[in-house]
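What follows is a single structure, written as structure tokens, with notes after it.
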Amino acid sequence: MFKKKKLKSKQNYELRPSASSLQGGVPSASAPAAASAPQEPRTAAHYTPQHLFPNVTMQPVANVGNNLFTIPARIIPTESYHILPMTISHETVKPKLKVKSARKSKNALKTSTSVASNDNIRREARLVPKKKVSENETLWPVKHAAVVDGDIILGGLMMVHSRSEGATCGPVMAQGGVQALEAMLFALDAAARAGLTPPAVRLGAHVLDDCDNDTYGLEMALDFIKGSISNIDDEEYACNASAVRKVISGVVGAASSVTSVQVANLLRLFKIPQVSFFSTSPELSNKARFEYFTRTIPSDLHQVRAMVEIVKKLGWRYVSIIYEESNYGIKAFEELETLLARNDICIAVKERLVKDSGEADERAYDAIVTRLLSRPRARGVIVFGSDQEVAGVMAAVRRMRATDAFGWVGSDGWSARALVSDGNEAAVEGTISVQPQANPVRGFREYFLNLTVENNPRNPWFVEFWEDQFKCRYPGSARTPYNVQYSRACSGAERLSPDNIEFEAQLQFVTDAVLAFAHAIRDMHAELCGGKPGLCDAMRPASGATLLRYLRQVRFIGLSGDEFHFDSNGDGPARYNILHFKQVSPGVYRWLKVGQYLDGELHLDMDEIQFKWGERHPPESVCSAECELGQAKQYVEGESCCWHCFNCTQYEIRSPDKETACEECPLGTLPGVTRTHCAPVPELYLRPDSPAAIGAMAFSALGMLLTTFVLVVWALRGDTPVVRASGRELSFVLLAGIMMCYLVTFALVFRPTDVLCSLQRFGTGFCFTVVYAALLTKTNRIARIFAASKHSARRPSLISPKSQLFICSVLVSIQVVIVVVWQVISPARAIHHHPAREDNMLVCDAYVDASYTIAFFYPVVLILVCTVYAVLTRKIPEAFNESKHIGFTMYTTCVIWLAFVPLYFGTASHVPLRVTSMAVTISLSASVTLVCLFSPKLYIIIVHPERNVRASLMPPRWRSVGAAGDACARGAAGGAVCAALVGAAPLPRAPDLTPSTDLSTLNDTERTSTDRQVQTEETALYPRVEGGLADGLRREVESAVRLEPRRLAGGLPAFPPHDAPPPLAVAVAIVGAHIPL
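For this note's numbering, add 713 to where a residue sits in the sequence shown, where the first one is 1.
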């Protein structure tokens, strides 16, 4: 019956120095002392195992005395022997290392090792054979080596078998094991055929199996250094010339990163270059630690970045990570943690797959899946491990019926591996994995399919592969723990075909490793041997340091057609394929290429991805759904990616700097559509293209046209009685003020600026001030004239045109001073006004605080005073109609402003409406003044020009000359009014002329005397005052009331008693005809 022998990882052996050796010292083999250096006496405590086995960690055996130690069993290269107590004796020998060949015998096999140092100490160890096994038992594993003879030998370390918990090695691995081995042998053949090796130099191989176990792989690697012991650069030691060993110039392998780390530490001591094809741990890029390590596959650092980019592309924010307990998995996990945190992706579950410490059973894998299921929102899982461990996870998923619970992102360790997917298709479906970019090796497919047990004797494991592939027992094969279950014998007719074999996709890295050595050896031979056939002395043996230098510089086109070279860290180019395990038809699954990761950029075809049959959208993997618009997060205690959402208020957004807080938008802004930022509220102001502005401007434009028309008429008809009677100077001032009122409208409707606001502040009050200052000056003059006529015979002062203009200017300057002081104290500014949060009105500041009342205060005072004067002069006789017109103007203006005040203050929340009301009010006030004061005169000038004469300006019964003369001649009051109008002293009473005077009876002398008397009286009655208003009025009065001497001579009564008017009537008649406006 077959028994499987289990080997422990460590085995205790006694190591006892002899008493005679306690007087000297034992040098360390790794650092032998110089010959001249004195040695201190040592006691038994100094003979530590490090002196005997400097590269092996040892611990003392507890409670067995001071001189007992333990050493690992793996240090003994042959498992068939025990190590017996070693004695150390003191004797004098030559300073060199002697190694006697070990030969088996029926008794004990004795290996004597003598090491001489300065104090000449010899160490001896004896190996004895273990107990023989019976015919029904077989040791496992059986050590084999695939050997290819050559002048330069390359070592190979392949994981032909997988790991096993019950034994050192498990079943044979078809893809990453046997196919990788055959790819190495195929590359050796291809290099020889292509002439890549030096002339007359054969490249051979010595390939061993590490069973995907780092400690066992280290044990196998000891074979690689046996022939290199003589290569130690130390003259103190020399090999016995009788010892024959193969010199391993370089090593291809190992596949596992953890095994490569162990082997690299060993090979570095003997300066043997190592090129790995599957080891991707970032740690191996550290050339300070792994100087002689190189690899054709890129570092996992790039792979981890590619996996994080895939997670981001899938929209996963909450994922779980499963990583294997090895250097490969741990280093990748550390980098994953860093990159995920940097991209705000949280880790829900972290699970470690057992690898180095043993092999997990089904319960361990079930526990991992249960832990994953405990976080149902973390459906995305990143798996960084090897195919054997990941296959256990997928089987557990299938057993627990959770095939639809997860989406997988896998590493290259299990990407496209049949060991993972076979039987677990439903669980693996939808996986997206990262795999270093590799193309099929040209010719290898045909080569491998043609292999049989008979034609492939150089591969000692091919029989095991054949039995595992066809599930039969090959005749004459050795018993293994895995072929005893096959009852059917192999017929020999079995053949490999594409239907029954799946090829490893990354064999390119194996062939590139072999070709890298081939090119380096050829370049090295060309330089050291000058291209001569065969090996020269400089390459007997080849220097590892020199070979490494050439190795790092190679650049060639590999068997896959891709160009290859090492980067600065001795790693292969960072090129990755993105593979997807997809159900292409019901029950049929394939690994398909769906993207690439090149130069740090991910290119992924999402249209080709199908996570489950008929489901193209990736599973959602977030702890908490993103908060809706206008919500902030409240994190769950202890969970960095889980939160509750709460609403921000109407005018708040989630803080851009702190997602757990809301932030109120400043005035003038409102939360944007996404409520992640505050968007400015559109400015609101009275735009020129708005209907209200268009209406206000149209009204003002019409008023400007009418005002311009009146100005033209007044300029062209300035000498006519009506125009002269209205007072041309003040009329033009009044028209200028009206024109400014209309212009202010245009300043109000345009976009407010600081300059425009200053212009509005000045113009709105100034235009009114000009209008009502002119009206006040005029009404005041009328009132003073009639008031003076009641009390004095002297004319009032300051009633001339110049005086009137001066008074008007003084009144206007008061407004200018008010506005200038106001502007200095508080400069006008265009501001944003927010009567409501939704409003953002661009207005002048004076509209907001009602400070425009300052600009209108003084004009309102003028309006009120003008209204008072209009009331006081309301009883002036009908001849003075303009006083009535002024009164009507003021009454209408007051009504308009009484309506404006509540409208202005009632529209505080709608400034554009407030501005429109102001513009309309100003234009309407100007229009009332224009129409009421100038339309009657325009009517006479244009429609009835025949009435534009002096006589028409007086009442009919007061138009007689005698009446006017008698009025000015009678009484002090009448004389005073006439004097005020003409600028003269009180007039003397006219001479008494009777109607009986008949001028026709007078002779020429008498008639001439009478004419002179009349002229003299005329001159006395109307004295000439040069200049100004008095002179003009005098001339007009002369024309109106001139006494005709000839009429007097004809016997006509000069001053009929019944027509003589009272003095006030004369004043009204004259003022009505001549008072200037």
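Think of the CB as a built atom: it goes at the ideal place given N, C-alpha and C, for glycine as much as any other residue.
Note that the coordinates shown come from a computational prediction; the quantities given were computed from them, not determined experimentally.
N-terminal and C-terminal residue of the alpha helix (DSSP H) that R1084 is part of: Taking the first residue of the sequence shown as position 1, residue 1084 is located at position 371. Element bounds for R1084: 1075-1086.
Boundaries (first-last residue) of the beta strand (DSSP E) holding A1202: The residue you call residue 1202 lines up with position 489 of the sequence shown. It is not in any beta strand (DSSP E) - A1202 carries neither H nor E in the DSSP assignment.
Whole-angstrom distance between S1281 and G1243, CA atom to CA atom: Along the sequence shown, one-based indexing puts residue 1243 at 530. Along the sequence shown, one-based indexing puts residue 1281 at 568. Taking the straight line joining both Cα atoms gives about 28 Å.
Inter-stretch contact (C-beta, 8 Å, three-pair minimum) for the segment 1091-1100 and the segment 1122-1141: With the rule of 3 Cβ pairs closer than 8 Å, the segment 1091-1100 counts as touching the segment 1122-1141.
Coarse secondary structure for I1060, derived from DSSP in three states: Locating residue 1060 in the sequence shown gives position 347, where the first residue counts as 1. Strand, per DSSP.
Residue range of the unbroken alpha helix (DSSP H) whose run includes M871: In the sequence shown, counting from the first residue as 1, residue 871 sits at position 158. From DSSP, M871 is part of no alpha helix (DSSP H) but of the beta strand (DSSP E) over 865-871.
Segment contact flag, the segment 1153-1169 with the segment 1195-1212, C-beta cutoff 8 Å, min 3 pairs: yes
Cβ-based burial, I1495 [other Cβ within 10 Å; buried from 16]: Taking the sequence shown and counting its residues from 1, the one referred to as residue 1495 is at position 782. It counts as buried.
Cβ pair C1340, I1366 closer than 9 Å: The residue labelled residue 1340 in the question sits at position 627 within the sequence shown. The residue labelled residue 1366 in the question sits at position 653 within the sequence shown. No, they are not a contact pair.
Whole-number beta carbon distance between G930 and I961, since they are thought to touch under 8 Å: For this step, residue 961 is matched to residue 248 along the sequence shown. For this step, residue 930 is matched to residue 217 along the sequence shown. 15 Å between Cβ atoms; not a contact.
Buried versus exposed call for R1235 [16 or more other C-beta atoms within 10 Å across all chains shown]: Numbered from 1 along the sequence shown, position 522 holds the residue referred to as residue 1235. Buried is the call here.
Extent of the continuous beta strand (DSSP E) to which A1345 belongs: The sequence position of residue 1345 within the sequence shown is 632, counting from 1. 1344-1348 is the span of the beta strand (DSSP E), which, as asked, contains A1345.
Straight-line gap, D1562 to V1628 (C-alpha atoms, nearest Å): Taking the first residue of the sequence shown as 1, we reach residue 1562 at position 849. Taking the first residue of the sequence shown as 1, we reach residue 1628 at position 915. Looking at the two C-alpha atoms, the distance is approximately 14 Å.
Whether S1012 touches D1275 by CB criterion (9 Å): Numbered from 1 along the sequence shown, position 299 holds the residue referred to as residue 1012. Numbered from 1 along the sequence shown, position 562 holds the residue referred to as residue 1275. D1275 is positioned such that its CB atom lies no closer than 9 Å to that of S1012.
Beta-ladder partner(s) of L1305, from DSSP: For the purposes of this step, residue 1305 is taken as the residue at position 592 of the sequence shown. Answer is H1293.
Backbone CA spacing between F1475 and L1616 [nearest angstrom]: By one-based count along the sequence shown, residue 1475 stands at place 762. By one-based count along the sequence shown, residue 1616 stands at place 903. Cα-Cα distance, rounded: 22 Å.
Beta-carbon contacts of F1463 that lie in its chain and below 7 Å, excluding the five residues immediately before and after: Taking the first residue of the sequence shown as position 1, residue 1463 is located at position 750. Cβ-Cβ distances below 7 Å link F1463 to P1401, L1469 in the same chain, with the five nearest sequence neighbours on each side left out; the list follows chain order.
Own chain partners of F1601 with C-beta closer than 6 Å, once the 5 adjacent residues on each side are dropped: Counting from one through the sequence shown, the residue named residue 1601 turns up at place 888. If the five residues before and after F1601 are omitted, its C-beta is found closer than 6 Å to the C-beta atoms of C1645, all from its own chain and listed in chain order.
Where V891 falls: helix, strand or coil (DSSP): Here residue 891 refers to the residue found at position 178 when the sequence shown is read from its first residue. Reduced to three states, the DSSP call for V891 is helix.
DSSP three-state assignment for N1855, whether helix, strand or coil: Residue 1855 is absent from the model: the chain starts at 714 and stops at 1790.
Assigned secondary structure, V1561 (DSSP; H/G/I helix, E/B strand, else coil): Here residue 1561 refers to the residue found at position 848 of the sequence shown. In this structure, V1561 counts as helix in the three-state DSSP scheme.
Endpoints, the beta strand (DSSP E) within which D922 is located: To locate residue 922, count along the sequence shown from 1; it is residue 209. Here the beta strand (DSSP E) through D922 covers 916-922.
Continuous alpha helix (DSSP H) stretch holding C1645: start and end: Translated into positions along the sequence shown, residue 1645 becomes position 932. Where C1645 is concerned, the enclosing alpha helix (DSSP H) starts and stops at 1624-1651.
Under the three-state DSSP convention, the category I1512 falls into: Translated into the one-based positions of the sequence shown, residue 1512 becomes position 799. DSSP places I1512 in coil when its eight states are reduced to three.
Beta-carbon proximity list for A954, same chain, < 8 Å, skipping 5 on both sides: In the sequence shown, residue 954 corresponds to position 241, counting from 1. Low local confidence applies: a pLDDT of 42 at A954 is under 50, so the model's placement there is unreliable, with the coordinate-based value given in what follows. Answer for A954: no residue qualifies.
Where A967 falls: helix, strand or coil (DSSP): In the sequence shown, counting from the first residue as 1, residue 967 sits at position 254. Coil at A967, not helix or strand.
Selection from S992, N978, S989 that minimises the alpha carbon distance to A1001: Taking the sequence shown and counting its residues from 1, one reaches residue 1001 at position 288. The residue with the shortest Cα to Cα distance from A1001 is N978.
6 Å CB neighbourhood of M1453 in its chain, flanking five on each side removed: The residue you call residue 1453 lines up with position 740 of the sequence shown. Closer than 6 Å at Cβ, skipping near neighbours: C1480.
Straight-line Cα distance separating W1029 from Q1344: The residue labelled residue 1344 in the question sits at position 631 within the sequence shown. The residue labelled residue 1029 in the question sits at position 316 within the sequence shown. Cα to Cα, Q1344 sits roughly 21 Å from W1029.
Own chain, CB closer than 6 Å to Q1016, minus 5 neighbours either side, in chain order: Translated into positions along the sequence shown, residue 1016 becomes position 303. Once the five neighbours on either side are set aside, the close Cβ partners of Q1016 are V1147.
Inter-residue spacing [alpha-carbon to alpha-carbon] between D1800 and H1546: Here the chain has residues from 714 to 1790 only, and residue 1800 is not among them.
Close Cβ partners of L1085 (< 6 Å) along its chain, the five nearest in sequence each way excluded: Residue numbering aside, residue 1085 sits at position 372 when the sequence shown is read from its first letter. So the qualifying residues of the chain are S1033, V1062.
Counted within 10 angstroms of its Cβ, other Cβ atoms place N1493 as buried (16 or more) or exposed: Residue numbering aside, residue 1493 sits at position 780 when the sequence shown is read from its first letter. N1493 is buried by the Cβ-count criterion.
Boundaries of the beta strand (DSSP E) in which G1450 is found, first to last residue: By one-based count along the sequence shown, residue 1450 stands at place 737. That residue, G1450, is in no beta strand (DSSP E); its alpha helix (DSSP H) goes 1441-1462.
Opening and closing residue of the alpha helix (DSSP H) in which H1330 lies: As a working note, residue 1330 is residue 617 in the sequence shown. From DSSP, H1330 is part of no alpha helix (DSSP H); its letter is neither H nor E.
N- and C-terminal bounds of the alpha helix (DSSP H) containing H1238: On the sequence shown, position 525 is the one that residue 1238 refers to. Residues 1221-1241.
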